[in-house]
Structures are given as C-alpha cells and as structure tokens.
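*Asks:* Sharing a structure below in structure tokens format, with a few things to ask.
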Amino acid sequence: MSLWMILPVSLPVLSITGIWVVYAMALYNQHVCPVDNWLYNQSCEEKLYLQSGPSFCCTLDNIPLISKCGTFPPESCFFSLICSMGSFMVMVIVLLRYAQVIEKHQNCVLNMASLSTGWICAAGLIMVGNFQVDNAKVLHYVGAGIAFPTSMLFVSLQSALTYRLAKTQGEYYMAHLRLFMTFLAFIALVLSGVFFCQESFVLQHASAIFEWVFCVITMLFYGTFAFEFASMSEDAMMVLARGGSLGSAVREHKMDSLGVLGGPASHPHPTENLTML
1 MSLWMILPVS LPVLSITGIW VVYAMALYNQ HVCPVDNWLY NQSCEEKLYL QSGPSFCCTL
61 DNIPLISKCG TFPPESCFFS LICSMGSFMV MVIVLLRYAQ VIEKHQNCVL NMASLSTGWI
121 CAAGLIMVGN FQVDNAKVLH YVGAGIAFPT SMLFVSLQSA LTYRLAKTQG EYYMAHLRLF
181 MTFLAFIALV LSGVFFCQES FVLQHASAIF EWVFCVITML FYGTFAFEFA SMSEDAMMVL
241 ARGGSLGSAV REHKMDSLGV LGGPASHPHP TENLTML
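The numbering of the sequence shown is UniProt numbering, which starts it at 1 and goes up by one.
Written out as structure tokens, the structure reads:
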C-alpha cells in the first residue's frame, strides 16, 4: 500500500473542514445568516454585524453562500488560503492520476481531457479564493464560471474513464460509486444555478445549500482516488519524468529489468563490441 493514497484523502478532509471553519467564523462575526434561517427581508435598518438579539434581520446580502462566507476579514484570509492550497492539491492529484492511467494502461482522449479540465478547474478555484465577491465581483464570477463547470466535467470524465479501465469487481464497484456521486453532483449544481438566478429569498437560500452539497460531493469524489493511489508505483513517477512519451519509456524500463534478471540482454550491434575488444 502506497503513501500516495494519503494525498486524495487529505484533500476532502482539509477542504471541507476548512470551509466549515470559514462558515463558523462568518457566522460568529455576523457576516452571514445561519443555514437554518429561511426568513429574509427586502431591507434592514442596520447591517447584520451591527444587530444584536436572539433574532436578526437578513437580506440577500447575508445568504450563506460559500463565497459570501469568505468575503470579509478575518475569514476571507482563511478562505483564500484554503482555496489556494486546495487548488494546488487538485493539480497534483489530477497529474498523478493522469500518469497512473498511462503507466497501467495507455493514454487516451478521456485521460487527456481529464488532465486539462482538472487543471482549468484549479485555476478557477484560485480566482474564486483570491478575488472576493464583494471586492472583485467580475473576476470572482469568472473564476466560479470556470471552476464549477470544469469540476463537473472532470468528475464525469473520470467516471467514464473508471468504467473503461475497470477489470476487477472492486474497480467496477468504484465506477458505480463515482457514477452515483457524479449524478448527485450534477443535480446539486443545476439546482444551485437555477435557484441562484431567482428573486425568491427561499430559492436563493436553497441555492446556497445545494452549492454546499455540490462542493462536498466533489471533494469526496477526489478522495476516492485513494483506491487507485494505494497501488501507485515508481513507474508512474517515471511517466512524469519522461514528460509524455510514457508508455514506451516504462515498457523499455521493464524490458531492461527483465533482461538483467533473466540473463544477458541482447545487444543491437555485437560486431562493434568485438571490434572494441
């Protein structure tokens, strides 16, 4: 069992825990309303953080969207840190998965597309975390428009790739699990986007909840790569070192190893060796 499996497991643990900490900080500082609050008003006499008492007056500016939780300091600092760290871990996981598929099977369009969408998603996530919605709205929405669709596309491509490469019963079970998670993530993303465009306070609040659901499912999807990373070999690292012409390089390495173990390897020009002697 490889230590590489710790990486995909740590991504959902750190990211989900970190986002919930950001939400708790925003709630404590009265920058957003609680998730269980469904009562909103068109306007309030005072801003939320200036109010006091057992009940608060909330507007659309206080809906607990993930981005809204990370808008104001000090939680905005932690939100940027979590998004930046998460995007880096996503890039590493996607790259290792790409190399492992080539090492164990062969390169294909699904694998190349997964690598591209995964890295584009990471770039969008960096924009989301470092351009807060109230401070740089256009850049924030551009990042969200990149991160959310590409993350959905990535999990879809990986589900299809898992089915294509599955050979054992356990691999088929993993493919079924990923397909189910992809289906749930797609429903949550669609509902979140549709409800976000509505003027109803209730639907906008529901949009925030489905956004949380989508992000949690997506992070858990990355955690399932621990199943493949448990058997990560040094050949996958060779794939990255060779920079793309991988399959042949790994096969040559294996043939050379077999030649050493099984006997003297054949030489392409024996006459040159004799001349040198």
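Note that CB positions come from ideal geometry on N, CA and C, so glycine has one too. All figures in this text were calculated on a predicted structure; none of them were measured in a lab.
1. Identify the continuous alpha helix (DSSP H) that holds Ser211 and give its terminal residues.
2. What is the DSSP secondary structure of Trp20, reduced to helix, strand or coil?
3. Using 10 angstroms around the beta-carbon of Tyr40, count the other beta-carbons present and answer buried if the total reaches 16, otherwise exposed.
4. Check whether the Cβ atoms of Ser67 and Val22 lie closer than 8 Å to each other.
5. Could you tell me whether the stretch 174–183 touches the stretch 196–208, where touching means 3 or more Cβ pairs closer than 8 Å?
6. Would you say the stretch 126–146 touches the stretch 81–97, given that touching needs at least three Cβ pairs under 8 Å?
7. What is the rounded straight-line gap between the Cα of Cys58 and the Cα of Phe78?
8. Assign Thr150 to buried or exposed, taking buried as 16 or more other Cβ atoms, counted over all protein chains shown, within 10 Å of its Cβ.
9. Which class does Ile63 belong to by DSSP, given the choice of helix, strand or coil?
10. Output the distance between the C-alpha atoms of Ser248 and His105, rounded to the nearest integer angstrom.
11. Put Tyr172 into one of helix, strand or coil per three-state DSSP.
12. Can you find the residues in the same chain that come closer than 6 Å, C-beta to C-beta, to Tyr172, ignoring five residues on each side of it along the sequence?
13. Just to confirm, is the Cβ distance from Phe221 to Ser192 under 8 Å?
14. Would you tell me roughly how many angstroms separate the C-alpha atoms of Leu96 and Ser114, rounded to the nearest one?
15. Report the three-state DSSP secondary structure of Lys167 (helix, strand or coil).
16. If you reduce the DSSP assignment to three classes, tell me which class Ile11 lands in.
17. Should Glu75 and Ser233 be called a contact, given that it needs their Cβ atoms to be closer than 8 Å?
*Replies:* Let me lay it out:
1. One detail in the question is off: residue 211 reads as Glu in this sequence, not Ser. 201–223 is the span of the alpha helix (DSSP H), which, as asked, contains Glu211.
2. It is helical.
3. buried
4. no
5. no
6. yes
7. 24 Å
8. buried
9. Coil at Ile63, not helix or strand.
10. In this prediction, Ser248 has a pLDDT of 45, which is less than 50 and means its spatial position is unreliable; what the coordinates show is noted afterwards. If you take the alpha carbons of Ser248 and His105, they lie about 12 Å apart.
11. helix
12. Ala166
13. no
14. 12 Å
15. coil
16. Ile is not the amino acid found at residue 11; the sequence shown has Leu there. Here Leu11 sits in helix by DSSP.
17. no
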